[in-house]
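Please read the structure below before turning to the comments.
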Amino acid sequence: MSKKVLVIGGAGYIGSHVVKALLENGFAVTVYDNLSTGQECNLFDKAEFVRGDIADEALLHKVMSAGFDAVVHLAAKKAVGESMEHPQIYAKNNINGAVNIFNAMIDCGVKNIVFSSTAAVYGTPQYLPLDEKHPINPLNFYGFTKIEIERVMEWLSRLKDFHYMALRYFNAVGYAADGSIRGKEQNSQNLLPIVMDVITGRREKLLVFGNDYNTPDGTCLRDYIHVEDLARAHVAAIKHLLQAPQSYSVNLSTGKGTSVLEMIAATERVTGRKVNYEFAPRRAGDPDVVVANNDKAKEILGWSPRYTDIDEIIKTTWNLEEK
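Counting from 1 along the sequence shown, just add 3 to a position and that's the residue number in this note's numbering.
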């Protein structure tokens with residue numbers, strides 16, 4: 004009998020790729036999503052769907068009572084700037100929402116969860132590459148909500164029959180290479196989607212914030228990881244929890260940095276189109292370089308990224324744009 008997984012936020016950008024990977028690995032999947040940012044076109048026929056919000060404690064309990072082997076939680080607000088302007092909204096959705104999920108799990112005997120965390124928990128790098136022993140010091144309220152949820156899970160794992168895998172993502176990019184995910188991420192504030200908006204005429208230009216960083220070309224370097232690699236890591240995390248219920252927080256990264264100007268140049272190579280951009284002043288809180296060590300994920304999950312070439316990553320995004 005197939006293992007049952009509840010994917011909360013499974014109609015979203017990362018969530019739909021996770022659902023796809025779980026189905027391909029023989030799991031029975033139920034998607035729970037309020038469709039505020041997720042899209043119906045990202046739902047798979049083979050997965051059950053429940054439209055619901057993580058604020059709805061009664062519905063969470065009702066759904067969980069059907070019995071699941073694991074939960075994947077991806078239903079968080081994640082815009083860094085917005086989190087600084089409206090922290091109360093982020094506290095309510097991210098922290099309270101996660102606690103609602105945990106309460107429903109414990110009440111219904113669901114023991115395992117894979118949690119979508121973030122590299123934002125680390126703050127300004129004190130050394131590179133970042134590893135999981137790096138000091139925790141988030142620079143924004145979004146990152147704060149994620150580490151608080153990790154801390155709640157750590158306590159629950161000590162006090163209850165509750166096991167978690169917190170996956171600290173770096174910069175998620177790309178789309179399913181087979182074209183099966185058709186819904187684009189909504190209102191993304193990330194670099195590559197903005198670059199795509201510029202070359203397709205949806206935006207006039209890209210603002211590159213700062214060109215005087217301590218990097219080879221003066222622009223920020225970031226660790227970009229393909230969304231299908233993230234999805235495979237979720238499958239590996241669930242399998243690990245089902246076989247050896249121990250709790251961990253692990254980085255999901257490539258260990259390789261790509262600068263803003265390198266991303267622009269690669270996009271121009273792949274698409275044959277020019278990216279209209281101009282330099283703007285630095286933004287507060289942007290470190291020069293953020294790259295991470297992924298040895299722990301390799302050791303615990305047997306996982307490593309397959310997409311390490313930035314041109315290949317951009318191609319999967321451009322293929323969706325062309326369609």
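Beta carbons: idealized from backbone N, C-alpha and C, even for Gly.
- Unbroken alpha helix (DSSP H) runs of no fewer than 4 residues, entirely contained in the stretch 95 to 151, are found at 100 to 111, following chain order.
- Of the candidates Val293, Ser5, Asp181, Thr222, Asp181 places its Cα closest to the Cα of threonine 320.
- Membership of valine 201 in the alpha helix (DSSP H) is indicated by the continuous run 194 to 202.
- Looking at the backbone, the Cα of valine 22 and that of isoleucine 241 are separated by about 12 Å.
- Across the structure, glycine 258 and tyrosine 227 are spaced so that their CA atoms are roughly 9 Å apart.
- The stretch 153 to 164 makes contact with the stretch 242 to 254, as at least three CB pairs between them are under 8 Å.
- Lysine 81 has its alpha-carbon roughly 15 Å from the corresponding atom of leucine 194.
- Counting along the chain, no beta strand (DSSP E) covers threonine 320; the unbroken alpha helix (DSSP H) around it starts and ends at 313 to 325.
- Within a 10 Å sphere around the beta-carbon of cysteine 223 sit 16 or more other beta-carbons, which makes this residue buried.
- Under the three-state reduction of DSSP output, tyrosine 280 falls in the strand class.
- Burial of aspartate 36 is indicated by the presence of at least 16 other C-beta atoms within 10 angstroms of its C-beta.
- Listed as beta-bridge partners of glutamate 51 by DSSP are Thr33.
- DSSP, reduced to helix, strand and coil, places lysine 81 outside both helices and strands of the structure shown, so it counts as coil.
- A straight-line Cα-Cα distance of about 5 Å links aspartate 215 and glycine 221.
- A straight-line Cα-Cα distance of about 21 Å links proline 284 and serine 191.
- The beta carbon of methionine 199 sits closer than 7 Å to those of Thr320, Glu324, all from its chain and outside the five residues before and after it, given in chain order.
- Taking 7 Å as the cut-off, the beta carbon of valine 124 is found closer than this to the beta carbon of lysine 149.
- By the Cβ-count criterion, glutamate 281 is exposed, with fewer than 16 other Cβ atoms from all chains shown falling within 10 Å of its own Cβ.
- Bridge partners of serine 252 according to DSSP: Ala169.
- In this structure, glycine 12 places its C-beta atom within 7 Å of the C-beta atom of leucine 77.
- Cα atoms of leucine 63 and valine 10: separation of roughly 12 Å, rounded to the nearest angstrom.
- With a cut-off of 8 Å on Cβ pairs, the stretch 103 to 111 is in contact with the stretch 59 to 74, counting three or more such pairs.
- In the DSSP annotation of this structure, the continuous segment of the alpha helix (DSSP H) that includes isoleucine 92 starts and ends at 90 to 93.
- Sixteen is the threshold: since fewer than 16 other Cβ atoms of the shown chains lie within 10 Å of the Cβ of alanine 69, the residue is exposed.
- In the three-state scheme derived from DSSP, where H, G and I count as helix and E and B as strand, arginine 205 is classed as coil.
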